[in-house]
Amino acid sequence: MRAAPFFESAKAWWLGLGVTLVAPFAAFNDYLLHMMVLWGIYSILALSLNIIVGFLGELTFGHAAFFGIGAYASALLVMGLGLPIWLGPLAAGLIAGAFGLVIGYVALRIVGPQFAILTLGFGAIIQTITNYWVDVTRGPMGISQIPPFSIDALGLDFSQASHMYFLVLACLTLAVYLSRTLQNSRTGRAYVAIRENPELAQSIGINTFKNKWLAFTVATAMAGVGGSLYGHYLRVITPDLMSLSYMSALIIMVIVGGKGTTLGPVIGAMVYIALLESLRAFGNLRLVIFAAMLIVCVIFLPGGLISVWLRWHNRVREV
Amino acid sequence: MCVKFDMSHPAPLLQAQQLSRHFGGLVAVNAVDFEIQSGEIVGLIGPNGAGKTTLFNMLCASMAPTHGKVIFNGEDCTTLSAHDMAQRGMARTFQITSLFPHLSVFDNVLTGTYRQQQTGWWACIRHQARYKQEEAEMAAQACGILEFVGLAGRRDDLAMTLPYGDQRKLEIAIALATHPKLLLLDEPAAGMNPDEGAKLVGMIKDIRQRGVTVVLVEHHMKVVMGVCDRVIVIASGEKIAEGVPQHVANHPEVIRVYLGREKVHA
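As given, the protein sequences belong to chains A and B, one line each in that order.
Here the first sequence stands for residues 62 to 380, numbered as in the numbering used here.
Here the second sequence stands for residues -7 to 258, numbered as in the numbering used here.
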């Protein structure tokens, strides 16, 4: 039996966790720490999108809307209704997941490009409502002065990036664990089977609609949690969160990193953040660079950056 | 008109009762009745356009019949969906090779064990002992099935890289991984040379030895004659004959519509 590549092993994941735990102590500057927090949040989002795009094999343009729903739900519940802030991410996940449950029930009956367009429509509707329902969402002005994350009962305060990082890392670890267990279970195999050949999947007893519905709901709930973390960290949110620019950023992370794997989206998020910042001098030209990167990846590296490693791994083994 | 086969067995595994399917004004299958007993190998033959594939699709619930019933294992399954039929122990292969192309041969077969497994994502998240045990069992089963179809040496290759004959074997392996009571094969010998066809006959007989009832739609007469206990002949959507292969092959009506005017020596 062919040995799995190193990054698939449990050892590699423990090593990764160790490195990411120690990393903030090596990053003496706040700016780098800020980047790392964003990387963690984007990784969670990319991992959630990967469940739909990578495992189920359906392209969705609505994912940023669920991210936005999570961010708004958490901010509004905490600021307006006095929900304890530590419950914010949980509530955000539930609410975004509930939206995903309803929208998925309607949209998942359709597959392929039509599904992508339908999710684009749902995303646009949600963004438009957020933009115009000024009484609740404050419209295009967005919500500012969102309180930073804290757990009062334990006296924990996450207003600093250095503290927030560990909270985000804990959530990311959970997201990675969910993704890994999904890959190793019959549920994940069913998703991949639906991606590879839906007709054959049905013929071996997989209820394609039910499986897709569960995947979509879990993915949207994860995006909601990510949105909540984002809102309480940056403390300002606007309807732009739900826009296509965030959506395309998430798609780039998943595709460039490597869809259908767990490490891929995490690496993709890292590459995205690193390039976004290091190319800041180029201004809006960055977007062109990202688009070019996406095109190059789709043509020459359909498996994403992670496939370079895989290819190298297989070659070394054969020699 | 029909050549009757001994049907004294009490409970058939599969029954088609007055199965019909209309496409607009076209009657593709018209009031077909038959029964399949446990442990049989039955061939479904007929000239092109006779309605074999339509009948086949109704049996495994990928197409709803216009009239009639499908009774599987004593249960009326007419209104079920394809995945429900698979869950109840009916596996099928496709006329055009149908695999999970980007997965390894092993993963293809492991995916096929889906219906046998109880534990899923949630059990894996909780790291249940039962999950680990089941995963190990399924992996062992998948290995066994790969041995059985003769693909053990290619377990790490991607399914899409296999030669055609091996792909057909892998398809059967996926279907077997569901641990079916009944296996429906849609033209398993299509595109095979006589040598491969002969091996297929051997494999189908071995599948029966594993306790699986087999129904096949087939054009290759050598395969049908070599392996089937009983043959059902369909022409223009109707059953015109049924019985042991030698009898059916000599049945004048069958010779007229299907085998041409010459007598066939099986």
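Where is the CB? At the ideal position from N, CA and C, for every residue including glycine.
Cβ of B/T45 within 8 Å of any chain A Cβ: Residue-level contact by beta carbon fails for B/T45 and chain A, as no gap is shorter than 8 Å.
Straight-line Cα distance separating A/L311 from A/L110: Going by the C-alpha atoms only, they are around 7 Å apart.
Given 8 Å, three or more beta-carbon pairs between the region 84 to 97 of chain B and the region 250 to 270 of chain A: Counting Cβ pairs under 8 Å, three or more are found: they touch.
Neighbouring residues, chain A, relative to B/H171 (Cβ below 9 Å): Correct list: empty, because the minimum Cβ distance to chain A is about 10 Å.
Bounding residues of the alpha helix (DSSP H) (the contiguous stretch that carries A/E69): Following the DSSP letters along the chain, one finds A/E69 in no alpha helix (DSSP H), marked with neither H nor E.
B/D262 (DSSP reduced to helix, strand or coil): Shown here, chain B extends from -7 to 258; a query on residue 262 of chain B therefore has no answer.
Three-way DSSP call (helix, strand, coil) for B/G41 in this model: The answer is coil: DSSP assigns B/G41 none of H, G, I, E or B.
Residues near B/V(-5) in its chain [Cβ-Cβ closer than 8 Å; skip 5 each side]: Any reading at B/V(-5) must be qualified, since the residue scores a pLDDT of 42, below 50, and its modelled position is unreliable; no value is offered.
Beta carbon of A/G382 nearer than 8 Å to that of A/T248: In the structure as shown, chain A begins at 62 and stops at 380. Residue 382 of chain A is therefore absent and cannot be evaluated.
Three-state class that DSSP yields for B/N22 in the structure shown: If DSSP states are grouped into helix, strand and coil, B/N22 belongs with the strands.
Residues that DSSP places opposite B/H94 in a beta bridge: Checking the DSSP bridge columns, you'll see B/H94 has no partner listed.
Through-space distance from A/S104 to A/Y333, alpha-carbon basis: Taking the straight line from one Cα to the other gives about 10 Å.
Chain A contact residues for B/F92, given Cβ-Cβ distances below 9 Å: Near B/F92 (Cβ distances below 9 Å), the residues of chain A are V253, A254, R256, E257, N258, L261 and A262.
B/A23: contacting residues in chain A (beta-carbon distance under 9 Å): Those within 9 Å of B/A23 in chain A number zero; the least Cβ separation is about 26 Å.
B/G38 versus B/I226: straight-line alpha-carbon distance, rounded: Whole-angstrom Cα-Cα distance: 5 Å.
First and last residue of the uninterrupted alpha helix (DSSP H) at B/T205: Element bounds for B/T205: not the alpha helix (DSSP H) but the beta strand (DSSP E), T205 to V209.
Buried/exposed call for A/F361, threshold 16 Cβ in 10 Å: Exposed is the call here.
C-beta neighbour in chain A for B/A56, strict 8 Å: Chain A, which has no Cβ nearer than 8 Å to the Cβ of B/A56, makes this no.
A/S135 burial status per 10 Å Cβ neighbour count (16 or more: buried): By the 10 Å Cβ count, A/S135 comes out buried.
Coil, strand or helix - A/S309 by DSSP: The three-state secondary structure of A/S309, taken from DSSP, is helix.
Member of A/A236, A/L181 and A/D218 whose CA lies at the smallest distance from the CA of A/E119: The residue with the shortest Cα to Cα distance from A/E119 is A/L181.
CA-to-CA distance, A/L117 to A/I265, given in whole angstroms: Going by the C-alpha atoms only, they are around 17 Å apart.
Backbone secondary structure at B/G157 - three-state DSSP: Here B/G157 carries a helix assignment [DSSP, helix/strand/coil].
Chain-ordered chain A contacts of B/A78 [CB-CB under 9 Å]: From the beta-carbon of B/A78, the residues of chain A found nearer than 9 Å are Q263, S264, I265, G266 and I267.
Residue-chain proximity (A/T382, chain B), Cβ-Cβ < 8 Å: This structure leaves residue 382 of chain A out entirely; chain A is present only between 62 and 380.
Classification of B/D178 by the beta-carbon crowding that lies within 10 angstroms, buried from 16 upward: Around the CB of B/D178, 16 or more other CB atoms lie within 10 Å, so the residue is classed as buried.
Top-ranked residue by Cα proximity to B/H119, from A/A353, A/I178 and A/Y238: Checked all of A/A353, A/I178 and A/Y238; the closest Cα to B/H119 is A/Y238.
Expected contact under 8 Å - CB spacing of A/F127 and A/A157 to nearest Å: Rounded, the Cβ-Cβ distance is 5 Å, consistent with contact.
B/R13, enclosing beta strand (DSSP E) - first and last residue: Looking at the DSSP string, the run of the beta strand (DSSP E) that includes B/R13 is L6 to F15.
Buried or exposed (CB count within 10 angstroms, at least 16 for buried), A/T281: Burial call: buried.
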